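Chemist:
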Amino acid sequence: MIELPDLVTGGLTAGTLSALALGGLLLRSRRQQHRQRLEITSLRTQLDGRSRAFTAEVEHLATRRLPAAARQPAHRHITVPGPLRTQTAGTPLGIALEGVLDGLRTELAAQRTRIDAAAQAGMRGATREIQAALYRLQDALRALQQRYDDPELTLTLFQLDHENEQSLRRAQVAAVVCGAWVGLAREESHLVDAVTGGQARVPGYHRVKVHNHLRPGTALVSHAVEPAAIIVAELLDNALRHSAPDTDVVVNLEHVHHGVCVTVDDAGLGMTEDERARAQRLVGGREPILLTDLGDPPRMGLAAIGQLTRQFDLTVDVSSPSPYGGVRAVLRVDSHLLSRIDPAERPPAASAPRTTHVPQQPDPAAAAPATAAPAHTYGTEPDDDAPASGAGHHTPEHDEAPDGTRDTGGLPQRRRRPRVSAAAEATAPRPARRPEEAAAALGALQSATAAARSGSAPDLGPDPAPAPDSVPGPVSGPVAARPSAQDAADDTEQTDHEGGTAR
């Protein structure tokens with residue numbers, strides 16, 4: 004039998020062991036709880052730090068990054084800042100924030116396009132009404148010019164017509180930028196008439212010097228006449244505005260391999276590389292044009308050129324500086340936009356510069372003395388039976404012929420054109436003028452008379468009635484056929500000198 008003390012001892016031992024086991028378990032549990040508390044505290048600290056960092060990134064996104072991204076399409080120089088912490092880039096948070104910026108840019112571009120389209124539609128409607136009113140005013144001014152013959156009133160009407168033409172050009176340019184048609188349908192016309200027509204639409208047109216090196220009859224197809232005139236007018240306006248008022252703007256019309264080039268050179272300040280690159284992007288017409296990209300107030304000249312170059316397959320280049328120190332702008336018209344007009348049947352406008360390709364035909368009266376002693380040519384022998392050039396005159400070794408050449412023993416010599424006297428020019432028959440040319444000449448004579456009267460010139464009687472202001476070139480504006488008083492006086496004096504008549 005088991006004795007009672009043994010049972011008590013065994014029970015106490017078992018209880019002690021159980022107590023020890025429970026104590027160990029309790030101690031281990033307390034240690035685990037302590038470690039869990041530390042981990043929870045650390046996690047809470049990390050969570051608080053990440054929460055604060057996320058909040059800071061969101062605030063940075065809202066206050067700095069989103070406004071910069073919204074302004075960047077209109078102002079290319081603005082840079083969008085990155086996240087506050089560099090380690091955020093590439094993380095899911097950084098990718099999510101960049102996605103917010105991309106979505107904003109996409110939506111802003113769509114909204115800008117829709118808003119700009121609505122603004123352009125409204126401006127097209129407004130400019131259409133303005134153009135119609137200006138055309139009516141132009142018709143009224145021309146009717147007044149034909150009705151009254153008072154020189155001072157006529158000169159005032161010419162000035163008003165020129166101002167109206169400039170307002171019409173600005174409205175037309177705004178309409179073209181907004182996607183409207185050019186507004187006029189022209190017939191086939193001489194290219195030089197399109198250039199002078201564009202010259203007549205700008206202030207300071209008297210500073211423009213046009214040099215025509217085209218072959219006679221070089222013309223534009225009908226649908227390219229008005230766009231070319233608008234482009235030339237805008238290029239001239241930029242050249243005149245950005246150059247000193249005492250300098251000239253030189254325009255050269257020349258043939259090239261694939262067509263014709265109209266080169267405009269000014270002596271202004273020029274452009275920087277960035278400005279030239281932006282101007283080339285605008286005139287290239289390859290990018291869509293928004294009104295919000297044209298500044299405040301919007302500068303629409305280059306944008307209108309870009310629209311026209313894209314619509315009518317023209318080319319404009321402003322990437323090179325001018326040899327005069329300013330900007331060189333080149334309008335190239337390809338061969339498929341060119342045609343030919345017989346200059347005998349339909350000559351250019353009377354105010355258009357004469358082409359250098361036209362040969363000067365000598366008058367028969369002036370050519371008669373030259374035939375008395377023909378110039379020696381290569382391989383020919385002098386005619387012994389020919390009469391002497393003058394009796395009693397000594398003939399040196401190299402005599403000078405009446406036409407200015409020298410006899411050098413049959414060697415080839417350069418011939419000089421015989422000089423035509425003023426009397427021979429006056430007696431030579433002159434071709435009949437067309438009604439439009441006579442009208443332009445009468446208008447110039449009337450303006451010269453008004454200028455002479457203003458300079459205390461003697462009264463020469465009543466002036467002739469004003470002639471219609473139109474000229475043969477379909478795009479020549481009112482000022483191209485009706486210059487100012489001083490310019491008209493200079494033109495009349497030059498015409499009288501060339502024609503051999505006295506004023």
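Note that the numbering used here has the sequence shown beginning at 4, numbered continuously upward. All C-beta atoms, glycine included, are put in the ideal place defined by N, C-alpha and C. Note that this is a predicted model, so its numbers are computed, not measured.
#1: What does the alpha-carbon distance come out to for the pair P301 and Q314?
#2: State the DSSP-derived secondary structure class of L217, mapped to helix, strand or coil.
#3: Taking only the alpha-carbon atoms, compute the straight-line gap between V474 and G200 and give it to the nearest angstrom.
#4: Hey, how far is the Cα of M126 from the Cα of W184?
#5: In chain order, which alpha helix (DSSP H) runs of at least 4 residues are fully inside the segment 136-180?
#6: What would DSSP say about H319, mapped onto helix, strand or coil?
#7: Can you tell me whether P372 is helix, strand or coil according to DSSP?
#8: Starting from the Cα of G271, find the closest Cα among I344, L293, A73 and R331 and give me that residue.
#9: In terms of residues, what are the limits of the beta strand (DSSP E) holding R349?
#10: At what residues does the beta strand (DSSP E) containing G262 begin and finish?
#11: Check this for me: beta carbons of Y151 and T157, under 8 Å apart or not?
#12: What residues in its chain sit with their C-beta under 8 Å from that of G329, if we drop five residues either side in the sequence?
#13: Please determine, among L187, E110 and T48, the residue with the shortest C-alpha to C-alpha distance to Y138.
#14: Give the secondary structure of G200 by DSSP, where H, G and I count as helix, E and B as strand, and everything else as coil.
#15: Around the C-beta of R114, are 16 or more other C-beta atoms found within 10 angstroms, so that it is buried, or is it exposed?
#16: Are A232 and A197 touching if we call contact CB-CB under 8 Å?
#17: Pick out whichever of G18, R343 and T358 has its Cα sitting closest to the Cα of E191.
#18: Is the number of C-beta pairs between the segment 212-228 and the segment 291-307 that are closer than 8 Å three or more?
#19: If you follow the beta strand (DSSP E) that L64 is in, where does it begin and where does it stop?
#20: Rounded to the nearest angstrom, what separates A203 and C264 at their Cα positions?
#21: Would the beta-carbon of E229 fall within 8 Å of that of A307?
#22: Helix, strand or coil: how does DSSP classify T82 here?
#23: Measuring CA to CA, which of D251, D105 and H165 is closest to P70?
#24: Could you tell me if H214 is buried or exposed, where buried requires 16 or more neighbouring beta carbons within 10 angstroms of its beta carbon?
#25: Is the segment 161-176 touching the segment 142-151 in the sense that three or more CB pairs, one from each, lie closer than 8 Å?
#26: What's the call for T16, buried or exposed, on a 16-neighbour Cβ count within 10 Å?
#27: In whole angstroms, what separates the C-alpha of E384 from that of H258?
#28: Looking only at DSSP bridge pairs, what is T358 linked to?
#29: Going by the beta-carbon positions, is the gap between A92 and G85 smaller than 8 Å?
#30: Between which two residues does the beta strand (DSSP E) carrying R302 extend?
#31: Can you list, in chain order, the residues of its chain with a C-beta nearer than 7 Å to that of A122? Leave out the 5 residues immediately preceding and following it.
#32: Using 10 angstroms around the beta-carbon of P351, count the other beta-carbons present and answer buried if the total reaches 16, otherwise exposed.
#33: Quick one: using the 10 Å Cβ neighbour count with 16 as the cut-off for buried, is L20 buried or exposed?
#34: I'd like to check one pair, A72 with V83: are the Cβ atoms closer than 8 Å?
#35: Just mark D240 as buried or exposed, buried being the case when its beta carbon has 16 or more other beta carbons within 10 Å.
Modeler: Checking against the coordinates, here is how it stands:
#1: 21 Å
#2: coil
#3: Legend: pLDDT at V474 = 35, less than 50; position of this residue unreliable, value from coordinates given subsequently. Rounded to whole angstroms, V474 to G200 spans 10 Å at the Cα level.
#4: 13 Å
#5: 154-180
#6: For the record, residue 319 in the displayed sequence is Val; it is not His. Strand.
#7: Caution is warranted here: a pLDDT of 43 is assigned to P372, below 50, making its placement in the model unreliable, and the coordinate value is therefore given only provisionally. Residue state, collapsed to three classes: helix.
#8: R331
#9: Looking at the DSSP string, R349 is not in any beta strand (DSSP E), and its letter there is neither H nor E.
#10: G262 to D268
#11: yes
#12: A242, H245, S246, D268, D269, A270, G271, L272 and G273
#13: L187
#14: helix
#15: This sequence places Gln at residue 114; Arg is not what is there. Q114 is exposed by the Cβ-count criterion.
#16: yes
#17: R343
#18: no
#19: Segment: none, L64 is in no beta strand (DSSP E) and carries neither H nor E.
#20: 20 Å
#21: no
#22: coil
#23: D105
#24: exposed
#25: yes
#26: exposed
#27: Unreliable positioning characterises E384 in this predicted model, as indicated by a pLDDT of 40, which lies under 50. The coordinate reading is nonetheless provided below. So the alpha carbons of these two residues sit roughly 41 Å apart.
#28: N215
#29: yes
#30: R302 -> no beta strand (DSSP E), and no H or E assigned at all.
#31: L294
#32: buried
#33: exposed
#34: yes
#35: buried
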